[in-house]
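2 protein chains.
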Amino acid sequence: MAEKQVKRTDVNVLGEFGLIDHLTKTTRLTNRSTKKGIGDDAAVIDNKGFLTVVSTDALVEGIHFDVAYTPLKHLGYKAVVVNLSDIYAMNAIPKQITVSIALSNRYSVEALEELYQGIHLACKIYNVDLVGGDTTSSPKGLYISVTAIGQGEKDKLTYRDGAKVGDAICVTGSLGAAYLGLQLLEREKQVFLANPDMQPELEEHNYLIERQLKPEARKDMIALFAKNQLVPTAMIDISDGLASELFHLCKQSNVGAFVEESGVPIHPDAQMQAINFNMDPITCALSGGEDYELLFTIDSKDIEKVKYLPDVYIMGDIVEQKDGVKLHTKGGNIHPIKAQGWNHFEES
Amino acid sequence: MAEKQVKRTDVNVLGEFGLIDHLTKTTRLTNRSTKKGIGDDAAVIDNKGFLTVVSTDALVEGIHFDVAYTPLKHLGYKAVVVNLSDIYAMNAIPKQITVSIALSNRYSVEALEELYQGIHLACKIYNVDLVGGDTTSSPKGLYISVTAIGQGEKDKLTYRDGAKVGDAICVTGSLGAAYLGLQLLEREKQVFLANPDMQPELEEHNYLIERQLKPEARKDMIALFAKNQLVPTAMIDISDGLASELFHLCKQSNVGAFVEESGVPIHPDAQMQAINFNMDPITCALSGGEDYELLFTIDSKDIEKVKYLPDVYIMGDIVEQKDGVKLHTKGGNIHPIKAQGWNHFEES
Numbered sequence: 104m105a106e107k108q109v110k111r112t113d114v115n116v117l118g119e120f121g122l123i124d125h126l127t128k129t130t131r132l133t134n135r136s137t138k139k140g141i142g143d144d145a146a147v148i149d150n151k152g153f154l155t156v157v158s159t160d161a162l163v164e165g166i167h168f169d170v171a172y173t174p175l176k177h178l179g180y181k182a183v184v185v186n187l188s189d190i191y192a193m194n195a196i197p198k199q200i201t202v203s204i205a206l207s208n209r210y211s212v213e214a215l216e217e218l219y220q221g222i223h224l225a226c227k228i229y230n231v232d233l234v235g236g237d238t239t240s241s242p243k244g245l246y247i248s249v250t251a252i253g254q255g256e257k258d259k260l261t262y263r264d265g266a267k268v269g270d271a272i273c274v275t276g277s278l279g280a281a282y283l284g285l286q287l288l289e290r291e292k293q294v295f296l297a298n299p300d301m302q303p304e305l306e307e308h309n310y311l312i313e314r315q316l317k318p319e320a321r322k323d324m325i326a327l328f329a330k331n332q333l334v335p336t337a338m339i340d341i342s343d344g345l346a347s348e349l350f351h352l353c354k355q356s357n358v359g360a361f362v363e364e365s366g367v368p369i370h371p372d373a374q375m376q377a378i379n380f381n382m383d384p385i386t387c388a389l390s391g392g393e394d395y396e397l398l399f400t401i402d403s404k405d406i407e408k409v410k411y412l413p414d415v416y417i418m419g420d421i422v423e424q425k426d427g428v429k430l431h432t433k434g435g436n437i438h439p440i441k442a443q444g445w446n447h448f449e450e451s
Numbered sequence: 104m105a106e107k108q109v110k111r112t113d114v115n116v117l118g119e120f121g122l123i124d125h126l127t128k129t130t131r132l133t134n135r136s137t138k139k140g141i142g143d144d145a146a147v148i149d150n151k152g153f154l155t156v157v158s159t160d161a162l163v164e165g166i167h168f169d170v171a172y173t174p175l176k177h178l179g180y181k182a183v184v185v186n187l188s189d190i191y192a193m194n195a196i197p198k199q200i201t202v203s204i205a206l207s208n209r210y211s212v213e214a215l216e217e218l219y220q221g222i223h224l225a226c227k228i229y230n231v232d233l234v235g236g237d238t239t240s241s242p243k244g245l246y247i248s249v250t251a252i253g254q255g256e257k258d259k260l261t262y263r264d265g266a267k268v269g270d271a272i273c274v275t276g277s278l279g280a281a282y283l284g285l286q287l288l289e290r291e292k293q294v295f296l297a298n299p300d301m302q303p304e305l306e307e308h309n310y311l312i313e314r315q316l317k318p319e320a321r322k323d324m325i326a327l328f329a330k331n332q333l334v335p336t337a338m339i340d341i342s343d344g345l346a347s348e349l350f351h352l353c354k355q356s357n358v359g360a361f362v363e364e365s366g367v368p369i370h371p372d373a374q375m376q377a378i379n380f381n382m383d384p385i386t387c388a389l390s391g392g393e394d395y396e397l398l399f400t401i402d403s404k405d406i407e408k409v410k411y412l413p414d415v416y417i418m419g420d421i422v423e424q425k426d427g428v429k430l431h432t433k434g435g436n437i438h439p440i441k442a443q444g445w446n447h448f449e450e451s
């Protein structure tokens, strides 16, 4: 007993993914309907061929958001969207959500109304129903945990483990903007704290700020896939940064990746802001996180289908696992990509 | 804008149920598959006749539990069980759960392991699969939100709104014990704080303590219903206290209730401890909460089926709504029952 009390491993030692692996490695799946448990963007429940896809994710004050610069309406919206993004990443359609909120008495009914306005708006825009949840007190801070439930078709669901050598690696949208938006907001917060009379200078950065505060999930892309009869071989949404997600996908598919820097889409505003911050734009794109774009692989026979899809970029190829995960820079060098998400960004 | 900043309604003004009503009254259900949204023990999703039942509930440190006397293994177990209870209350079978945990760095990996041991144990005992979730940091405290997903059959699901005049009111197990267990734990905590050398005197109260720290959901009862081809007309689980749940059921069914005090099951240990605490046992049973027993109504034709079911007590009748919700005391008086849950118990 005394020995047990002595042993104390700090949670940060294992990191988020190590921790989840560690805690769930003994998980046994016993129900026949459980087709896919922990380890993908969402779990899959198979009821006689009818597939239900489920994902849960929480946003915690002081960890995932700072109420100093996060409008509560945006926060409610984002809490829903980041979960819907996980359902889309399975090539499935979200239909319902439940929301669990804990908040301290620092928040008023009016604050909670704003939060719910954002939740309702996301439900409306993404055509999902808020079907349950609870609202409770917390001694401190605000927690929002959302569970999204979706529907998928057996031959269309995409997992992280389906990429194979020769597949093309694709990504939607643009990367790095949400991270740079966060840096801008943090900078303005520091300016404000130093001198509360200063007005924030954010208008010219609308795009970057919005990518951080009010991200969107790629519902449109899943619809485009269906319209073009395209089923990716593997897919994952980009919440922790392209590099980190690429490693998840490669690890689970037992493959490597060769990415062209010139193929990684970066918005001009993000490009410019990275340079203003003395950062390398490609590093922001690789490790920035919170983009909620889709990273996916396609069979080479489908390249023609993808070439003309709006906002989809082919940025490389799946290679043998032994060849690792590498970036071919614009300068002609080949670097191994590091599997770091935005949590580790500061240390890089 | 200035006006908006002035208006600040304290969350407690509306109460938990008032607050949820207020925030979700504008909720629109748009998906055909959403059969039942907010307002019952669980939501119901109907996919071509295949019914999925979903419930979410959170436990928050300092609000729902005190780590001073709550072993983390029990806490993990309880967090799962209280959600499974909601699924059983729909007369459905839970199959999967997702778990979202936020915790401060005061908790070590070993602490989290204990918590997960309890989660895994509950999964094993109730035959559900842990299929997803996330573990994240919190600036302070421990927060566990669980979503339970179950399966039901169309003609067997029981809602809160199906009770009709003439139905018998039944309850499982015994009531008030979990509340009295909590009072004992609180008392011992105060004794310990006053004098840390004092050893807690809890052995003789094992039953009450266990009802508080490690409640069980009535999986057995749902199996008995199926075996006896009994489908309650309405059902709800008792998390906030019999009185509060009876009001929910009556309100949604547009009926009243007439309850015999002599029919309300109270365990002898609870009876005795209530008296030791100078409390009225029936008040503890009505308003104590956290019993996780089932309150249900049955058609009068099914009374014979219920009479011989173990651990089921017939305690009254459903009456007209205009006749209210009343208790016929052992002393022969008739009192209106107050709709108070355990949160309001101290004020009574």
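Chains G and S supply the protein sequences, listed in that same order. Its first residue numbered 104, the first sequence is counted upward by one per residue in the working numbering. Its first residue numbered 104, the second sequence is counted upward by one per residue in the working numbering. Positions of the beta carbon are idealized from the N, C-alpha and C atoms, including for glycine.
Helix or strand or just coil, what does DSSP make of methionine 193/G? coil
Against chain S, which members of the region 270 to 302 of chain G pass a CB distance test of less than 8 Å? none
Check whether isoleucine 247/S and leucine 162/S have beta carbons under 8 Å apart: yes
Pick from Leu278/S, Leu412/S, Ile252/S and Val116/S: whose alpha carbon is nearest that of leucine 333/S? Leu412/S
When we look at the beta-carbon of glutamate 407/S and count the other beta-carbons within 10 Å, is it buried (16 or more) or exposed? exposed
If you measure from the beta carbon of arginine 111/S to each beta carbon in chain G, is any gap under 8 Å? yes
Glutamine 254/G versus glutamate 396/S: straight-line alpha-carbon distance, rounded: 33 Å
Which whole-angstrom value is the C-beta distance of phenylalanine 399/G and threonine 261/G, which I expect to be below 8 Å? 7 Å
Which ranges does the beta strand (DSSP E) cover as unbroken runs of at least 3 residues, wholly within the region 162 to 218 of chain G, from first to last along the chain? 196 to 206
Curious, which full-length beta strand (DSSP E) runs of at least 3 residues does the region 311 to 359 of chain G contain? 337 to 340
How many angstroms separate the CA atom of lysine 410/S from the CA atom of glutamine 199/G? 40 Å
Tell me the rounded alpha-carbon separation between lysine 243/G and alanine 146/G. 31 Å
For glycine 253/G, the three-state DSSP class (helix, strand or coil): strand
So, with DSSP's three-state summary, where would you put methionine 375/G? helix
Please classify threonine 127/G as buried or exposed, where buried requires at least 16 other C-beta atoms within 10 Å of its C-beta. buried
Using beta carbons (cut-off 8 Å, strictly below), is threonine 155/S in contact with chain G? yes
Which residues in the same chain as glycine 152/G place their Cβ atom closer than 7 Å to its Cβ, once the five residues preceding and following it in sequence are excluded? Lys257
Inter-residue Cα distance where the pair is asparagine 436/G and proline 368/G: 19 Å
Are the CB atoms of glycine 419/G and phenylalanine 361/G within a distance shorter than 8 Å? yes
Give the interface partners of valine 185/G over in chain S, defined as CB-CB distance under 8 Å, in chain order. The premise fails here: valine 185/G is roughly 11 Å from chain S at the closest Cβ pair, so nothing lies under 8 Å.
How far does the alpha helix (DSSP H) with glutamate 423/S in it extend, from its first residue to its last? First-last for glutamate 423/S: 415 to 423, but that is the beta strand (DSSP E), not the alpha helix (DSSP H).
If you measure from the beta carbon of proline 242/G to each beta carbon in chain S, is any gap under 8 Å? yes
Answer with yes or no whether the minimum CB distance from asparagine 194/G to chain S is below 8 Å. no
Does the beta carbon of alanine 205/S sit closer than 8 Å to a beta carbon anywhere in chain G? yes
Rounded separation between valine 294/S and alanine 171/S - CA only: 12 Å
Top-ranked residue by Cα proximity to methionine 193/S, from Ile325/S, Asp124/S and Leu316/S: Ile325/S
Give the interface partners of leucine 233/G over in chain S, defined as CB-CB distance under 8 Å, in chain order. Thr127, Thr130, Gly140 and Ile141
What is the rounded straight-line gap between the Cα of valine 428/G and the Cα of alanine 337/G? 16 Å
For a contact defined as C-beta to C-beta under 8 Å, what are the partners of glutamate 213/G on chain S? Lys107, Lys110, Arg111 and Thr112
Determine the extent of the beta strand (DSSP E) in which glycine 236/S is found, giving its start and end residues. 232 to 240
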